[in-house]
Every structure is written in structure tokens, then in C-alpha cells.
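Structure first, then comments.
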Amino acid sequence: MFLVFTTAVEARSVKVSVPAQSISHVAFYAAKDKGYFREEGLDVELVLMNAAVAVRALIGGDVDFTSVGGSGVPPILRGAPLQFFLLGFHRPIHWLFARPDIYDVKSLKGKKVATSSIGSASDLLLKEVLKRNGLEGGQNLTIISIGVQSTRYAALVSGTVDATPLTFPWNILAAEAGFRELVNFTKQDFIDMSGSIIVPDALSRSDPILVEKFTRGTLKGLLYARENRLGTIPILARNLKLKEEMAGKIYDLSKPAMTLDGTLTREAEKRIIDDALVRVGLKEAPPLDRLFNFSLVRKIRADLDSGGWKP
Numbered sequence: 148m149f150l151v152f153t154t155a156v157e158a159r160s161v162k163v164s165v166p167a168q169s170i171s172h173v174a175f176y177a178a179k180d181k182g183y184f185r186e187e188g189l190d191v192e193l194v195l196m197n198a199a200v201a202v203r204a205l206i207g208g209d210v211d212f213t214s215v216g217g218s219g220v221p222p223i224l225r226g227a228p229l230q231f232f233l234l235g236f237h238r239p240i241h242w243l244f245a246r247p248d249i250y251d252v253k254s255l256k257g258k259k260v261a262t263s264s265i266g267s268a269s270d271l272l273l274k275e276v277l278k279r280n281g282l283e284g285g286q287n288l289t290i291i292s293i294g295v296q297s298t299r300y301a302a303l304v305s306g307t308v309d310a311t312p313l314t315f316p317w318n319i320l321a322a323e324a325g326f327r328e329l330v331n332f333t334k335q336d337f338i339d340m341s342g343s344i345i346v347p348d349a350l351s352r353s354d355p356i357l358v359e360k361f362t363r364g365t366l367k368g369l370l371y372a373r374e375n376r377l378g379t380i381p382i383l384a385r386n387l388k389l390k391e392e393m394a395g396k397i398y399d400l401s402k403p404a405m406t407l408d409g410t411l412t413r414e415a416e417k418r419i420i421d422d423a424l425v426r427v428g429l430k431e432a433p434p435l436d437r438l439f440n441f442s443l444v445r446k447i448r449a450d451l452d453s454g455g456w457k458p
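So in the working numbering, the last spot in the sequence shown is 458, and the numbers never skip.
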């Protein structure tokens, strides 16, 4: 009898917290589906976790990376040892819908508008667009926080509220139901981060190879998603548990919000920090490099291009 011993290198388990299953995380979905993480020797698990818990879990080492976007900025401004290494989306993926008889944002004066919660993305976007139109919640109109999108959409349908910001798939359902799109935030001059890679400083120091492998796999997924509509739609449909027709609509509406290469301009970085300083009540901004470190993703992109890699 002959005994044959074989050895196999097991893929390294990597946990990534995500706030929701959404188009924002298409880079991760594509990287898993196309085998880009496997090529790096990684077995990536996406763990659902709200933003506040995700940041604590990241600092505590319960997850390796997190994908929270703008929610990650205030903790860093307050001293959390974290950095953004990659960004999938840099525009809001939200739409403001209203009753059909409301024709523009100024017509919301005296009306009721619903958001999810104070300080949420929908709340901040709504208040900014109201401000740009000379309106303010509590003075010219009523803003109420009533939770998740399904609840807000139901309130819009029933007439309990006159308008609400929505994202997928509720914005599509609202349009199909005849409600009026007042604002497409993706087309506005707003910056809203999502689908990010946030890395703890401790991991950057202790295991830079892991950080590079995960960033490379995610960047490949992002580039694939940008350049391959037909291949990405079924990936989205499977991960979001939608029909491909709906996944295609979501892809087409979202693509303008995607970053070209996972990075931001320095001007955009500064705008994000300046806006966040106001929200958290701080006066002094840290150096941009304290929050954003896109040097690795730029290096990886250059290596991919020089090696002839195509998504």
C-alpha cells in the first residue's frame, strides 16, 4: 500500500462588513464571482453590519475591512486609526420623489417630507437640497424620520407624507407608480462615498500583503463592473436577489455614480472633510492623507495596465 500525501494552501479567510446588500458593493460581488479574490488566495465573507457597529468591529479586529462610506469619516476625524484605501462610488445613489402634483423642490414648502433618521444619508441629502432652494425643515416644511425605505414608500403611497428620498428598488417603483422625480442626486454636485475599503492602521502595519491582495481583488471587481454591463447584471441579480431586468435598471442608473478607478480627486477629498467638520462640530481639519490613502490602488492600477490586464 502506498500513501500519497498532498498539500494544499488554504485560502485565507477575510471578513468585510457591509451595511447592506446593494449596488454599492458591486466590486466585491464581481471580485467573488469572477474569482479575483481566489486568485489572491482569499476567501472573502461579506458580513451585514450597520455603520456604527462596523467601525467598532473594525477597530476591535472583529472584521478585517469595512465598506462603510461617509459614515467612516467622523470617527476618523475624532481620532479613529483608520484610512480609506479605495472607493467604489462617489456620488449619491438617491432620488427625491414626491406626489405628482408637486412640480419642484420649492413646492415642498408647507409639506411633509420623510427621511430614514437624523444624520442618515437621505436626511443629509434632503437638507442640503432644501437649503439650496431656500427651504429649511422645521421652518418652511416638516421633516419626519420614519425609518426604512419600504416604510417611507408606503407613507408616500398612502399620502401620509408628500415626498421622500429613495434608492433602489424603491425609486424605480415610485417612478413606475407615477410619482414625480424632483431630484436625481446622482446628477447633482454632491459627493457621497459608498462601496469603500476602510483599513485599520494596525493592519496596514502588521499585514500590508493582505491589504494589497484584498485591494487588488476589489479593484479588479470594480473595473470589471464598470466595463462589463452584460456580465455584471446577472452577478447583481444573484447577489441582490432580483430579476435581471430590475438589476439592469439599477446598473444603468448607478453607473454614473461609480468612480473611474477607486480614487477621488484632492478637491473632492477636501470637500468631504470640510462638510464632515461642520457636522461633527470640529474646527481643525487633519491632513488629507490622514483619511485618504489611494497610493496603493494607484500602484495596483499601474501594475495591471503595464501587465496588459483587461477586465
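Note that the Cβ used here is the ideal one computed from N, Cα and C, for glycine as well.
For clarity, every value in this text was computed on a predicted model and none was experimentally measured.
Excluding residues up to 5 positions away in sequence, 380 lie with their Cβ nearer than 7 angstroms to the Cβ of residue 395 in the same chain. DSSP places residue 217 in the helix class (H, G or I) of the three-state scheme. Judged by their CB atoms, residue 240 and residue 170 are nearer to each other than the 9 angstroms cut-off.
Rounded to whole angstroms, the gap between the alpha carbons of residue 307 and residue 313 is 16 angstroms.
With a minimum length of 3 residues, the unbroken runs of beta strand (DSSP E) contained wholly in the stretch 293-364 fall at 310-313, 327-331, 341-347.
Taking the Cα positions, residue 332 is about 8 angstroms away from residue 243.
Distance from the CA atom of residue 363 to the CA atom of residue 192, rounded to whole angstroms, is 16 angstroms.
When the Cα atoms are used, residue 232 and residue 158 turn out to be separated by approximately 22 angstroms.
Here residue 412 is exposed, its C-beta having fewer than 16 other C-beta atoms within 10 Å. Annotated three-state conformation of residue 275 is helix, per DSSP. By the criterion of at least three beta-carbon pairs nearer than 8 angstroms, the stretch 366-373 is in contact with the stretch 164-180.
Apart from the 5 residues on each side of it in sequence, residue 366 sits with its Cβ closer than 7 angstroms to the Cβ of 233, 409, 444, 447, 448 in its chain, given in chain order. When secondary structure is reduced to three states using DSSP, residue 161 falls in the strand class.
Linking residue 316 to residue 275 through their CA atoms gives a straight-line distance of about 23 angstroms. The continuous beta strand (DSSP E) containing residue 259 extends over residues 259-262.
In this structure, DSSP gives residue 243 an extended state, which the three-state scheme calls strand. Per DSSP, the continuous beta strand (DSSP E) segment holding residue 231 begins and ends at 229-236. In the three-state reduction of the DSSP assignment, residue 249 falls in the coil class, being assigned neither a helical nor a strand state. Contact annotation: the stretch 199-212 does not touch the stretch 412-424, with fewer than three C-beta pairs closer than 8 angstroms. For residue 368 and residue 378, the gap between their C-alpha atoms comes out near 11 angstroms. Three or more beta-carbon pairs drawn from the stretch 322-329 and the stretch 244-256 are found closer than 8 angstroms, and the two stretches are therefore classed as touching. Three or more beta-carbon pairs separated by less than 8 angstroms are not found between the stretch 332-344 and the stretch 430-438, which leaves the two stretches without contact. Closest in C-alpha terms to residue 348, from the list 404, 393, 228, 358, comes 228. Counting along the chain, the unbroken beta strand (DSSP E) around residue 195 starts and ends at 189-195. Taking residue 167 as reference, the option from 284, 388, 300 with the minimal CA-CA separation is 388.
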